[in-house]
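Participant:
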Amino acid sequence: MPGKLKVKIVAGRHLPVMDRASDLTDAFVEVKFGNTTFKTDVYPKSLNPQWNSEWFKFEVDDEELQDEPLQITVLDHDTYSANDAIGKVYIDIDPLLYSEAATVISGWFPIYDTIHGIRGEINVVVKVDLFNDLNRFRQSSCGVKFFCTTSIPKCYRAVIIHGFVEELVVNEDPEYQWIDRIRTPRASNEARQRLISLMSGELQRKIGLKVLEMRGNAVVGYLQCFDLEGESGLVVRAIGTACTLDKLSNTSAFLPACNSPSKEMKEIPFNEDPNPNTHSSGPSTPLKNQTYSFSPSKSYSRQSSSSDTDLSLTPKTAPSPQGPRIFLFPSSPTLSCDSPHLKKSCLLLSGSSLNPLHSSHVSPVVLRKSVSFTEELLLAASGMGSGSAGKEGGPFKTLLRQQTQSALEQREFPFFTLTTFPPGFLVHVGGVVSARSVKLLDRIHNPDEPETRDAWWAEIRQEIKSHAKALGCHAVVGYSESTSICEEVCILSASGTAAVLNPRFLQDGTMEGCLEQRIEEASPPGCGFCHIPYDELNMPFPAHLTYCYNCRKQKVPDVLFTTIDLPVEAIVIGKGCLIQARLCRLKKKAQAEANATSISNLLPFMEYEVHTQLMNKLKLRGMNALFGLRIQITVGENMLMGLASATGVYLAALPTPGGIQIAGKTPNDGTYEQHISHMQKKINDTIAKNKELYEINPPELPEEIIGSPIPEPRQRSRLLRSQSESSDEVTELDLSHGKKDAFVLEIDDTDAMEDVHSLLTDVPPPSGFYSCNTEIMPGINNWTPEIQMFTAVRVSRLSNINLTNQTLNKNFNDLCENLLKSLYFKLRSMVPCCLCHVNFTVALPEDELVQIAVTAVAITFDKNQALQANKAPTEKSQQRASTDNEDQLQFPLELCSDPLASQPFPPAKAASLDKASPLAEGYLRHRSVPSCTNSTVSVVKMTPLSFLPGAKITKYLGIINMFFIRETTSLREEGGVSGFLHAFIAEVFAMVRAHVAALGGNAVVSYIMKQCVFMENPNKNQAQCLINVSGDAVIFVRESELEMLPVQPSTVVSQPTSSGGDVTT
Amino acid sequence: MTSDLDIFVGNTTLIDEEVYQLWLDGHSVAEAVARRLRGGVLERAGTSVAVLQSDTRDHYRTFQMLERLLHAPPRLLQQLLFQIPPSRQAMLVQRYYAFEESFARELLGKKLSKGTKKDLDEISARTGVSIKSCRRQFDNFKRVFKAVEELRGPLADNIQQLFLLPPPLARDYAAVVFFANSRFETGKRRLQFLTFGDFAACAQHMMLHWTQGALAPEAAEPDGDVPKSFLQDLKELKVLVADKDLLDLHKSLVCTALRGKISVYNEMEANFKPLSRALVNVGGKLTHARDVRDFFVDLVEKVIEPCRSDKWSPADLRLFLGHYTAAPRALPAFRHQALWERYMAVITACLLRMYHD
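These protein sequence lines are chains W and Y, in that order.
Going by our numbering, the first sequence opens with residue 7, and the numbers climb by one from there.
Going by our numbering, the second sequence opens with residue 177, and the numbers climb by one from there.
1. Take the Cβ of residue 661(W) as the centre, count every other Cβ of all protein chains shown within 10 Å, and call the residue buried at 16 or more, exposed below.
2. In this structure, does DSSP put residue 152(W) in helix, strand or coil?
3. Do residue 591(W) and residue 811(W) count as a contact pair if the criterion is CB distance below 8 Å?
4. In or out: residue 619(W) buried (at least 16 other Cβ within 10 Å) or exposed?
5. Quick check: what's the CA-CA separation for residue 50(W) versus residue 25(W)?
6. Can you check which of these residues, 976(W), 491(W) and 991(W), is closest to residue 191(W) by C-alpha distance?
7. Cβ closer than 7 Å: which chain W residues qualify as neighbours of residue 223(Y)?
8. Where do the ends of the alpha helix (DSSP H) carrying residue 617(W) lie?
9. Where does residue 482(W) fall in DSSP's three states?
10. With DSSP as the reference, label residue 1034(W) as helix, strand or coil.
11. Identify which residue in 96(W), 987(W) and 641(W) has its Cα closest to the Cα of residue 445(W).
12. Run the CB neighbour count on residue 1003(W), radius 10 Å, all protein chains shown included, and call it buried at 16 or more, exposed below.
13. What residues match up with residue 585(W) in a beta bridge as DSSP calls it?
14. If we count Cβ pairs, one from each stretch, closer than 8 Å, do we get three or more for the stretch 46–64 of chain W versus the stretch 7–17 of chain W?
15. Among 458(W), 535(W) and 238(W), which residue has its Cα nearest to the Cα of residue 426(W)?
16. Considering only C-alpha positions, which residue in the set 246(Y), 380(Y), 244(Y) and 192(Y) is nearest to residue 233(Y)?
17. Suppose the cutoff is 7 Å on Cβ atoms and the five residues either side in sequence are ignored; what does the same chain contact list for residue 8(W) look like?
18. If you draw a straight line from the C-alpha of residue 306(W) to the C-alpha of residue 615(W), how long is it?
19. Any beta carbon of chain W sitting closer than 8 Å to that of residue 204(Y)?
20. Taking a Cβ distance cut-off of 9 Å, strictly less, list which residues of the stretch 470–495 of chain Y are near chain W, in chain order.
21. Identify the residues that DSSP records as bridge partners of residue 812(W): which are they?
22. Please list the terminal residues of the continuous beta strand (DSSP E) segment that includes residue 79(W).
23. Does the stretch 252–265 of chain Y come close enough to the stretch 986–1002 of chain W to have 3 or more Cβ pairs within less than 8 Å?
24. With a threshold of 8 Å, are at least 3 pairs of Cβ atoms found where one atom belongs to the stretch 103–120 of chain W and the other to the stretch 1010–1018 of chain W?
25. Is the stretch 767–782 of chain W touching the stretch 851–861 of chain W, taking contact as three or more C-beta pairs under 8 Å?
26. Classify residue 192(Y) as helix, strand or coil using the three-state DSSP reduction.
27. Are the CB atoms of residue 87(W) and residue 967(W) nearer to each other than 8 Å?
28. For the stretch 178–203 of chain Y, enumerate the residues whose C-beta is nearer than 9 Å to any C-beta of chain W, in chain order.
29. Quick one: list the residues of chain Y neighbouring residue 681(W), beta-carbon separation under 7 Å, in chain order.
30. Could you list the residues in the stretch 426–451 of chain Y with a C-beta less than 9 Å from some C-beta on chain W, going in chain order?
31. Helix, strand or coil for residue 165(W)? Go by DSSP, reduced to three states.
32. Does the beta carbon of residue 246(Y) sit closer than 8 Å to a beta carbon anywhere in chain W?
33. Does any residue of chain W have a CB that is nearer than 8 Å to the CB of residue 240(Y)?
34. Below 8 Å between beta carbons: does that hold for residue 199(W) and residue 187(Y)?
35. Could you check the C-alpha separation between residue 504(Y) and residue 299(Y) for me, to the nearest Å?
36. State the DSSP-derived secondary structure class of residue 43(W), mapped to helix, strand or coil.
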């Protein structure tokens, strides 16, 4: 009995009128935890009741503490009939369970009803007394910290990064369990909210147990998702990265308060040897001789590309019952002739699936179909190629690999959900790896054994792992998983970035090891991650390589696609920009297997086209790398939609991208030729304009220094082909972009023409605006503290006449572009500003409806300094690095997780906020305007980023993970669908803010809206919406205050910044 | 491709002051879009009409949701639904409660009842204020009236506290409430030259000098009324015109003081008795509700119009009223000095304010 939960109900305010006769309410409160319920007295005839209750005490297991939410129900007492519920508050008490987070939850919470929305507020105080428990068989994992942030949290240091943790739990969905389908909306909604709250508690506890088993004390990059599988059930799944974190102020590693059950430890993956030197991979160690060959098996070498199936990387260790895999070489000439084969194999597959392939001991859920498609084309584009191991780096690299390999080998999945890493952690980046699989959902028969879903994911993860291997990488970073469900078909997707990691961080994070590593580090920090990790001679896909434009020692690909954030040390020229590829594909309505088959047949083509679009748009902007790539494929009744978002940048280490060349099919036609040349001119103009816009002026390098590109056998495809100057064909084409490699678009039909047109329709953001989907915008590093986080949702109806892929594409494209335009217009008062972490989610709720939800944050910056900073970007970055070192002398390790915060806002810049920036000034001024009365509501900032500009996060208070359902049966009266959803999203924000404020926080970082499921039935005047959000509650302090505090504390008082109001609760 | 649903929600609620004003003025979304177009926002921001429409609709929705809270401004400060910086909150409240003086002028002295509300379209037509805006302003008056009706203490302070209005606006509301309470007649043709500002100033003087709140904040009666006892006492002042000796003495004192100082001495001397009678009787009649209504009519008809026809300058009037008020101090038989001065302070202030074309 290791915990005592104490709850006090203080007061209510602004309650709704429940008694029409008196215009008043007789309110009382029920406090429920687990199976215990307490009640307050009835406070008669008041809309602002003062209960001032005693402390209600619950004596509970810590397992229960982790799983159960505290449920507070406000009711109206009625003498003659049943009491009416006013609304509820669910409080997740998890933040009270670890020592470093919040100690008390106290504040005003909105009282929420799933039918009426927010109805007044209630003031509650919650405390937990935890008793230490040494029971080693226990099932709880109190003390493990959770972070949504996908980097090492700001005030911590990573001692060890253990690796991937995952878990999923399944249950029946209460929505579908009502006998005779008689569903009372409120009861059903509340049952679902409660169930999901319970399930996420359980999930978090189970993940915590895994972390303790790994001897970690925290989960970073925790991502929890719900799959509403309809009648077949409800799945809650989560992934994260287990770490051992150390608070920056203390020197000793923090160990979880409760010891982990050592009995269950099968192995100790990383012994904490006090002498890390024995592990060192220095070239002098005897390990040198044991050369470890990491070259991928011959079967997927370049030469064998004619045979697609050779690429199958099904791991021998996991002979799971999987269907045959279909691999696609997008740029291979065999693509078109492959498609019949593709179809055949699918047909074969669905045929075979009818056989009871799986032995009888498997759960009755038959895996009817499993078609996976791998994204080799992304790999191809990422332009890996040969080259790598330059002569000098060779042995070291091998050693490094070997060691890391050994560290990672013990893990089932060497995946990391992080997207930003301590400097030096990321050695090389291979490229994007992704896998998708189409499944048919079936009822979950036994909720206690979620094996089927587990098996599905395990399969996909294996695939990802093997793709990474093919790229010569032993790990996957920036890893994420997602699903798209329509009726009974489900697409599971996983993607990440194949990478080679520095083993030190995975084993032992002591200082010596790290310093040593930095000295030994063979490749310069600014470009090392670009160098190819795979074998030059055994390239997994066609690409051309050049010597790195930065260090000129190692080989780099011509383009690089990744799912991670731009590494802090990366040298970037100019600014970045948001690049999106959008695509629709019609499909026939079908049932079950037929449907799944047609979807899996379409997927490869969609991936291919999405990739082509990304590539073209990247070239059009004169850039050579994509970061934060996220490809979302959404399945609907009669179509599939693909939306890829990424941030394009120009990496100084990679070669200058060639232009885009248009080639006509019928060269004899005069007018056609003219048209083509006209288009070519437009494209060239656009590229030139973009280069100016994004300030891409790479320094001209003399040819001899770079060295000639490695001659490559040319790969030609139907749609595009890569070309280099060494090719014979060059002479035929007018390469208007110098001698650089050019990208050729062959226009052979109207479709292709449309594609080229659509390329040019992307309008750049208005002046003063920049946008990206990563954490920071390359090229802007002088943020001012004003931020505005927002969510925008649009649902559009596609006219169902003449639906073709082309019109669909155009409609979808317009929808996205218009949405962006309207964002720029809304936020025009913040100029100059940057939209960061722009996150689009597409859903197809009904036949002809497309729903797009965007969450992002607009951050203002100081334009003058930005201009200066951009004049000498390379110089700057070096300077920056050195100042960083000086600034952080107290943390020479640089594992200190603060690179982001310190870098975009060096103190000198922060100080200038006070006078230099008119915006900042305005901000301060408008904050200082005395309010009419003392506002009791504290300001809570929200941002999808892991940091707040101009501020320092001093404490993490715990994870916020909330799920709400809202329903209405009076849609018109609530302002139609827009009014309904607008109010609901505002309510969700309000509830998140209230919970953070009650924890004592003043901001939410890494905020994400993971789900927004909206359904309407206008005929019945009804609508329903489900929203799931998460983030990290934190306390931040303005940097300006931090600086001022020790010098002259008196000025702090007079400083009229918002923080005074911010911090106080 | 039509957008069924189109929303934007910021963590800090976005408020466009221009759109807010258009909404307050009662324009529909389409009208507001048209006006914004004419305002040239497209050229400045380089965007499309569709974007402008979506933006306007978003703002309108936000305002509609905020309206409920604006009805009780302290709730706007406490609510958790919209995160709005204090300065923006103040702006929202101030603009919501701001009113057109031409509209308020029409409504002064009318009962804030459903009947009056039905006549709003007439007022709207007369004043050129849109009907929606009229309704909002009317509802604001009524809401403020209801809220302070029963409260003790100075009216303006109560309003400021309950509705968080800036002091000048709160004082104007106090005037409106005071007029609605006292039901002074303001609609007569001969009063048409008076503006809302004139009446508001008069009301403020009355509240300052005559009402209970002005004397004793803890008093039992609400502030909106002039206390009955005071009005009753005013009858005592009639002695100044009823008693022939006093009247003559009063006249001679004033004449002595003013001789050579005002340009209209002769006219003043000739008219002193009717003037004095009018000035005193206005107060004496205030005990009857029916006569209260005529307060301003009487002042205009019996004081302002005669003076105007005799071409008194405002300075003449000021000088006259000053000495007229001060003279009874020298009248040994007159024992209501304090009452007289309290009464005349308001009458003087009102007359001076109202004495214009």
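Beta carbons are placed, not taken as given, at the ideal position from N, Cα and C, and that holds for glycine.
Facilitator: So, from the listed chains and residues:
1. buried
2. Note: residue 152(W) maps to strand in three-state DSSP.
3. With respect to the 8 Å criterion, residue 811(W) and residue 591(W) are classified as neighbours on the basis of their beta carbons.
4. buried
5. 11 Å
6. In terms of CA proximity to residue 191(W), 976(W) leads the group 976(W), 491(W) and 991(W).
7. 827 and 831
8. 598–626
9. strand
10. strand
11. 641(W)
12. Per the 10 Å Cβ criterion, buried.
13. 652(W)
14. yes
15. 535(W)
16. 192(Y)
17. 67, 68, 136, 137 and 139
18. Caution applies to residue 306(W), whose pLDDT of 32 falls short of 50 and renders its modelled position unreliable; the value that the coordinates give is listed next. Between residue 306(W) and residue 615(W), the C-alpha separation is close to 23 Å.
19. no
20. Taking 9 Å as the cut-off between beta carbons, none of the residues of the stretch 470–495 of chain Y comes near chain W.
21. DSSP lists no partner for residue 812(W).
22. Residue range 76–82 is occupied by the beta strand (DSSP E) that includes residue 79(W).
23. With the cut-off at 8 Å, the stretch 252–265 of chain Y and the stretch 986–1002 of chain W touch.
24. no
25. no
26. coil
27. no
28. 178, 179, 180, 181, 182, 183, 184, 185, 186, 187, 188, 189, 190 and 192
29. What residue 681(W) touches in chain Y: nothing, since even the nearest Cβ is about 28 Å away.
30. none
31. strand
32. No, residue 246(Y) lies away from the interface with chain W (no Cβ there is under 8 Å from its Cβ).
33. yes
34. no
35. 45 Å
36. strand
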